[in-house]
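Number of protein chains: 2
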Amino acid sequence: MDDPNAVFIDAETVVLERPRDHKAELRLWLRLLTCATLVEDDIRARLRSAFDVTLPRFDLMAQLHKAPGGLTLSQLSGRMMVSNGNLTALVERLVEAGQLERRVTANDRRVVNVRLTDAGERAFAAMAREHEGWIAELFLELGDTETEQLMMLLGKLKGSVRAAMDAGRKPETSAMPPSGPRSGHQP
Amino acid sequence: MDDPNAVFIDAETVVLERPRDHKAELRLWLRLLTCATLVEDDIRARLRSAFDVTLPRFDLMAQLHKAPGGLTLSQLSGRMMVSNGNLTALVERLVEAGQLERRVTANDRRVVNVRLTDAGERAFAAMAREHEGWIAELFLELGDTETEQLMMLLGKLKGSVRAAMDAGRKPETSAMPPSGPRSGHQP
DNA sequence: AGAAGATATTTTAGGCTTAAAACATTGGCA
DNA sequence: TGCCAATGTTTTAAGCCTAAAATATCTTCT
Numbered sequence: 039m040d041d042p043n044a045v046f047i048d049a050e051t052v053v054l055e056r057p058r059d060h061k062a063e064l065r066l067w068l069r070l071l072t073c074a075t076l077v078e079d080d081i082r083a084r085l086r087s088a089f090d091v092t093l094p095r096f097d098l099m100a101q102l103h104k105a106p107g108g109l110t111l112s113q114l115s116g117r118m119m120v121s122n123g124n125l126t127a128l129v130e131r132l133v134e135a136g137q138l139e140r141r142v143t144a145n146d147r148r149v150v151n152v153r154l155t156d157a158g159e160r161a162f163a164a165m166a167r168e169h170e171g172w173i174a175e176l177f178l179e180l181g182d183t184e185t186e187q188l189m190m191l192l193g194k195l196k197g198s199v200r201a202a203m204d205a206g207r208k209p210e211t212s213a214m215p216p217s218g219p220r221s222g223h224q225p
Numbered sequence: 039m040d041d042p043n044a045v046f047i048d049a050e051t052v053v054l055e056r057p058r059d060h061k062a063e064l065r066l067w068l069r070l071l072t073c074a075t076l077v078e079d080d081i082r083a084r085l086r087s088a089f090d091v092t093l094p095r096f097d098l099m100a101q102l103h104k105a106p107g108g109l110t111l112s113q114l115s116g117r118m119m120v121s122n123g124n125l126t127a128l129v130e131r132l133v134e135a136g137q138l139e140r141r142v143t144a145n146d147r148r149v150v151n152v153r154l155t156d157a158g159e160r161a162f163a164a165m166a167r168e169h170e171g172w173i174a175e176l177f178l179e180l181g182d183t184e185t186e187q188l189m190m191l192l193g194k195l196k197g198s199v200r201a202a203m204d205a206g207r208k209p210e211t212s213a214m215p216p217s218g219p220r221s222g223h224q225p
């Protein structure tokens, strides 16, 4: 396992060494994507017609609701899994609507902290109650045991995906100088 | 089951009658969404860097690849689960790039049929081969049994979501005249 | 044949999204 | 102290996406 002479084999290599078709994984991925899209589109439509709010705005408010002290834009983009630049306009619109408050941190004038206003907190509470019911409706035919199993299996899948992504990012892990003197520098 | 005196109870009512918290379903939904987003973002980045193609374009080409005779725009929007208007521009860009061919049907001059050109077919084949490997990498830690279980459970979830959406659309199912003379007509 | 409704697509207006470049601020270190 | 890399956010350019209205064509019914 820690044999220093071991050849590094990344996920891709493992997959390539078993050149059978991977149709099963592909079908599973497509089904997973279908489920996610069906639920997402339904929730999006309901949020729009019931509260005249978009899904990204609801998502942003949900993240802030869970973080009483507010969050920085970077923290938000990490949790929402969207790009950094995306948030600027999204936050701006919610600030205009009076749902969000934005303030520059005292210590570090680069970071912007965002939190829900009281009005935003109230609006979110009303939406969240309905939202929870909608999800329950959509998942109704799943029994408790099945819900647990899915939770477990998706947890495993999440781990697998994360592992593959980490492996793909830098196959040169250990056995190298901390960072190495960079030959040049990019402008 | 078919008692004509039965009161119609929709999914929402069932959920409301069990006012316990539905946190389990909510957590499951968030995990499902996280998995889908992780995979989707990774695939999107790989398609971009390896083939300089966007995910929606790949998706569109995949649908056409599976349909040798080509598809109409409505069929495409149904299978891709995107809005109808979305396709106009997407198709246009791929036609410009020489990957797609667009022709008006002879019988019905409203419908536009779209198919891959030979170049499009070749380009897709190359991308699909890589794509299948990427998915296999991401799903690597899932065993065959787990893959099957997930497939089955997600199938059940899909059925549940579809049922809830159908119920929500028209709670007035049977016991009504076929369509009824509409009182007025919307302009 | 002609009107009314249904179906297929496009247009429009607004919003979301990303990647990459630009800008601003901070902290380390010679 | 002053340079420089790292960090946090915004800007930019291009593309994706939706809902709703508009357009075009077909079908049906009288």
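If you read the protein sequences in the order shown, they are chains A and B.
In terms of my numbering, the first sequence opens at residue 39 and continues consecutively.
In terms of my numbering, the second sequence opens at residue 39 and continues consecutively.
Each residue gets a CB set at the ideal place from its N, CA and C atoms; glycine is no exception.
Proximal chain B residues relative to Glu74(A), where beta-carbon distance stays under 7 Å
As a first step, residue 74(A) is located in the first sequence; it is residue number 36 there, counting from the start. A small correction: the amino acid at residue 74(A) is Ala; Glu does not occupy that position in the sequence shown. Within 7 Å Cβ-Cβ: Leu70, Leu71 and Ala74.
Would Val129(A) and Arg140(A) be called neighbours here (beta carbons separated by less than 8 Å)?
Within the first sequence, numbered from 1, the residue matching residue 129(A) stands at position 91. Within the first sequence, numbered from 1, the residue matching residue 140(A) stands at position 102. Yes. Within cutoff.
For Leu176(B), the three-state DSSP class (helix, strand or coil)
For the purposes of this step, residue 176(B) is identified with residue 138 of the second sequence, where counting begins at 1. It is helical.
Would you mind telling me which residues of chain A sit closer than 7 Å to Ser198(B), beta carbon to beta carbon, in chain order?
Start at 1 with the first residue of the second sequence, and residue 198(B) comes out as number 160. By Cβ distance, chain A contributes Leu176, Phe177, Leu178, Glu179 and Leu180.
Between the Cα of Leu71(B) and those of Met203(A), Thr183(A) and Met119(A), spot the shortest distance and give me the residue it belongs to.
Walking along the second sequence from the start, residue 71(B) turns up at place 33. With distances taken between Cα atoms, Leu71(B) lies closest to Met119(A).
Less than 8 Å between the C-beta atoms of Gly206(B) and Glu179(A), yes or no?
In the second sequence, residue 206(B) corresponds to position 168, counting from 1. In the first sequence, residue 179(A) corresponds to position 141, counting from 1. Cβ distance not < 8 Å, so Gly206(B) and Glu179(A) don't count as in contact.
Is there a Cβ of chain B sitting closer than 8 Å to that of Gly193(A), yes or no?
Position 155 of the first sequence holds residue 193(A). It does; some Cβ of chain B falls within 8 Å.
Val77(A) (DSSP reduced to helix, strand or coil):
Within the first sequence, the letter at position 39 stands for residue 77(A). If DSSP states are grouped into helix, strand and coil, Val77(A) belongs with the helices.
For Asp79(B), which residues from the same chain have a beta carbon less than 7 Å from its beta carbon, with the 5 sequence-adjacent residues on both sides left out?
In the second sequence, counting from the first residue as 1, residue 79(B) sits at position 41. A distance below 7 Å between beta-carbons, with the five flanking residues on each side excluded, links Asp79(B) to no residue of its chain.
Through-space distance from Phe162(A) to Ser115(A), alpha-carbon basis
In the first sequence, counting from the first residue as 1, residue 115(A) sits at position 77. In the first sequence, counting from the first residue as 1, residue 162(A) sits at position 124. Going by the C-alpha atoms only, they are around 19 Å apart.
Taking Leu68(B) as the reference, give the member of Ala88(A), Glu170(A) and Gly158(A) with the closest Cα.
For this step, residue 68(B) is matched to residue 30 along the second sequence. Comparing Cα positions, the closest option is Glu170(A).
In this structure, how does DSSP classify Arg167(A) when only helix, strand and coil are distinguished?
Start at 1 with the first residue of the first sequence, and residue 167(A) comes out as number 129. It is helical.
Amino acids of chain B, ordered along the chain, whose beta-carbon sits closer than 8 Å to that of Thr165(A)
Translated into positions along the first sequence, residue 165(A) becomes position 127. Looking at the sequence shown, residue 165(A) is not Thr but Met. Residues of chain B passing the Cβ test: none, with the nearest at roughly 13 Å.
May I have the straight-line CA-CA distance separating Asp59(A) from Trp172(B), to the nearest angstrom?
Residue numbering aside, residue 59(A) sits at position 21 when the first sequence is read from its first letter. Residue numbering aside, residue 172(B) sits at position 134 when the second sequence is read from its first letter. The alpha-carbon atoms of Asp59(A) and Trp172(B) are separated by roughly 12 Å.
Asn151(A) - containing beta strand (DSSP E), residue span:
The count along the first sequence starts at 1 and reaches residue 151(A) at position 113. Looking at the DSSP string, the run of the beta strand (DSSP E) that includes Asn151(A) is Val150 to Leu154.
So Val77(B) packs on Val77(A), CB below 8 Å; how close in whole Å?
For this step, residue 77(B) is matched to residue 39 along the second sequence. For this step, residue 77(A) is matched to residue 39 along the first sequence. The pair is not a contact, with the Cβ atoms about 16 Å apart (cut-off 8 Å).
Just grab the DSSP bridge partners of Val91(A) for me.
One-based indexing of the first sequence puts residue 91(A) at position 53. Bridge partners of Val91(A): none, in fact.
Check whether the Cβ atoms of Leu188(B) and Leu191(A) sit closer than 8 Å, and answer yes or no.
Residue numbering aside, residue 188(B) sits at position 150 when the second sequence is read from its first letter. Residue numbering aside, residue 191(A) sits at position 153 when the first sequence is read from its first letter. Going by beta carbons, Leu188(B) and Leu191(A) fall inside the 8 Å limit.
Length of the line joining the Cα atoms of Ala62(B) and Asn124(A):
For this step, residue 62(B) is matched to residue 24 along the second sequence. For this step, residue 124(A) is matched to residue 86 along the first sequence. When rounded, the distance between both Cα atoms is 30 Å.
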